[in-house]
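Report on the structure given below.
In our numbering, the protein residues as written are 1 to 666.
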């Protein structure tokens, strides 16, 4: 009965989404305000119905109802409740239902929190959003039904993929989807603006909080996925330029360019066509990532589906959404005339450079990800584009971009003078050279790469701190006055500062992890040890423990450094009998200077256990930097002066009154 209730809720949600889309477009055509009012109620109804379906599927997993196919294939009676619940989205059908839930959550939030926007603009936005919702619910109903019954009913389930039975993977997909799907709102606003043929700075202020929300969630989702890969997969890495990893990086790069472009549009009412294009591309790349993991073209722990029928359906959605929006863009972009101007030397110019570099980097990653798939599709040839390609192209491009960050932050809007800014940045430049020389001098491995990365990190971080010092007049006025300026500083500026500091920390961490890592492998019997730098790792014992749904073989290691005992570590191999799969649980001793990372593999007769030891300098700063980056996004969203929701004075958007927002400098 629960499954049938969920199925009915999905079908009703599909009908409501279609009805809302049709009536919304009709209401705009006939100028009937009744249709505008229905848009909001229809959005909330979609959310309630999809949420009902999701709750039903969650209940089926919680009670282990193996008469439902997706539960039987992805759960087991002995599995801990946490992974029974995360199993709801640890499969293709459930993950797509989660996608639909987040999609309707955004639409419902738009209905509840966005007020006083031009009726035509908001109604068109709801209509476009409802078309997207209808397409994905149709995909669920016709090709990926999460409530399909199974007969005869098995006594037990096939269990969830062991690699997904992890707290990181329980939280990673919802956060990632919240980022992917969040860009649907900005996409829908962009299509609505194209239909209207008019967009201005007020449109950018309406859209910016949604863009920042999507970008922040996507940042958190990518960081969670990277940390999961680091501690769970056992190879010691956090980013492998895997096509599915790249699928999340692509919309993040486009989204980063988009939020910077929105800022220029807010200040100067220019770059309109470019900003709209970025809004279309960010969501289009999110859909391309969906196609990648659900079309059957990839086999990966990230890939949920290998059914070509599903791939064809998603490809059809891609053609309609991406092709239709870009066609509309080609027809209407010429109507988006800029009114603002800015000098060659200005913050707008450097943000435009920022956009061009991010767009080029996005194009490189897109080529490296999809070109091998294209070649495999049209021929029998198989090619691989891996880390060397990205290290030779993407990283140098990003390095040049990072040089502009402190300059851009300190330049004035509209018209600026470069030399005064460069003089202000002299301390950061000196610190960059000093840090690079020290890194080059002390590095035992990759001194050039280490010096460049360290120098860039100090340049970005130092430049951002110098800008903050200038805003607060720190050391120029008394401390109390500086504190008062800090309190009055808009949270958007704090968000920008924190995010850019997070970027500097990530650059430094990536440099340490990539350039200065070290590793060694050995077969060890209990009592034997292996040496890595000044660490000695001794295998003390290997114990076997039967757990609820897996068998654990845990190795205990005694760690000494420079002859000094610093503690014990445990690394583990888990065997899941139902799936007949093994996983690795790395032992990690984290510190601010670096991680000691140990894994234990299978035993070999007369040789011992396979042990791999890594040393990753500065690894913990990857997660600290990611947290700062996300915190910067949260602070920018929270800036009450920028959000259209809290505006008071009515202003015009597309010729219709709406609230105004305060302006700032972030």
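Glycine residues also receive a C-beta, built at the ideal position from the N, C-alpha and C atoms. Values in this document were obtained by computation on a predicted structure and should not be read as measured data.
So which of the options has the shortest CA-CA distance to residue i?
| i | options | result |
| --- | --- | --- |
| residue 589 | 108, 339, 569, 261 | 569 |
| residue 254 | 67, 361, 188 | 361 |
| residue 365 | 246, 134, 62, 501 | 246 |
| residue 332 | 9, 591, 190 | 190 |
| residue 334 | 493, 194, 75, 186 | 194 |
| residue 572 | 578, 557, 404, 561 | 557 |
| residue 402 | 386, 413, 368, 432 | 432 |
| residue 152 | 98, 107, 72 | 72 |
| residue 465 | 180, 493, 203 | 493 |
| residue 610 | 616, 618, 601, 617 | 601 |
| residue 116 | 95, 91, 36 | 36 |
| residue 548 | 345, 204, 84 | 84 |
| residue 39 | 16, 61, 313 | 16 |
| residue 3 | 127, 633, 147, 561 | 147 |
| residue 91 | 369, 564, 125, 163 | 163 |
| residue 612 | 619, 620, 603, 429 | 603 |
| residue 509 | 211, 129, 453, 635 | 453 |
| residue 225 | 119, 488, 150, 172 | 172 |
| residue 575 | 435, 545, 138 | 545 |
Let me know the secondary structure DSSP gives residue i once reduced to three states.
| i | result |
| --- | --- |
| residue 210 | helix |
| residue 607 | coil |
| residue 617 | strand |
| residue 286 | helix |
| residue 196 | helix |
| residue 4 | helix |
| residue 21 | helix |
| residue 415 | coil |
| residue 165 | coil |
| residue 32 | coil |
| residue 75 | coil |
| residue 341 | coil |
| residue 12 | helix |
| residue 138 | helix |
| residue 130 | helix |
| residue 232 | helix |
| residue 38 | helix |
| residue 558 | strand |
So the alpha helix (DSSP H) residue i belongs to, where does it begin and stop?
| i | result |
| --- | --- |
| residue 252 | 243-268 |
| residue 467 | 447-472 |
| residue 480 | 479-488 |
| residue 353 | 347-378 |
| residue 402 | 387-410 |
| residue 442 | 426-442 |
| residue 324 | 324-332 |
| residue 497 | 491-515 |
Counting contacts by CB-CB distance shorter than 7 Å, is residue i in contact with chain C?
| i | result |
| --- | --- |
| residue 397 | Chain labels in this structure do not include chain C; a single protein chain is all it has. |
If you draw a straight line from the C-alpha of residue i to the C-alpha of residue j, how long is it?
| i | j | result |
| --- | --- | --- |
| residue 284 | residue 511 | 31 Å |
| residue 12 | residue 141 | 11 Å |
| residue 405 | residue 160 | 44 Å |
| residue 201 | residue 121 | 14 Å |
| residue 30 | residue 192 | 16 Å |
| residue 583 | residue 271 | 49 Å |
| residue 42 | residue 177 | 22 Å |
| residue 471 | residue 170 | 41 Å |
| residue 208 | residue 52 | 30 Å |
| residue 293 | residue 244 | 7 Å |
| residue 358 | residue 349 | 14 Å |
| residue 408 | residue 422 | 11 Å |
| residue 623 | residue 599 | 21 Å |
| residue 437 | residue 236 | 28 Å |
| residue 516 | residue 396 | 18 Å |
| residue 717 | residue 48 | The structure shown does not extend to residue 717, since the chain is modelled only from 1 to 666, so the question has no answer here. |
| residue 560 | residue 531 | 10 Å |
| residue 442 | residue 451 | 10 Å |
| residue 667 | residue 114 | Because the chain is modelled from 1 through 666, residue 667 falls outside the range shown and cannot be assessed. |
Could you give the first and the last residue of the continuous beta strand (DSSP E) run that contains residue i?
| i | result |
| --- | --- |
| residue 543 | 535-546 |
| residue 570 | 564-576 |
| residue 581 | 581-585 |
| residue 519 | 518-524 |
| residue 94 | From DSSP, residue 94 is part of no beta strand (DSSP E) but of the alpha helix (DSSP H) over 92-113. |
Inset, instruction - Evaluate contact between the segment 58-66 and the segment 75-84, counting only Cβ atoms and requiring at least three cross-stretch pairs below 8 Å. - result: yes
Inset, instruction - Inspect the CB distances between the segment 118-134 and the segment 2-22 and report whether three or more fall short of 8 Å. - result: yes
Inset, instruction - Kindly confirm or deny that the segment 500-516 and the segment 621-641 touch, where touching means at least three C-beta pairs closer than 8 Å. - result: yes
Legend entry - Segment contact flag, the segment 224-234 with the segment 256-273, C-beta cutoff 8 Å, min 3 pairs: no
Inset, instruction - Check whether the segment 377-391 touches the segment 410-422, counting contact only when three or more Cβ pairs, one atom from each stretch, lie closer than 8 Å. - result: no
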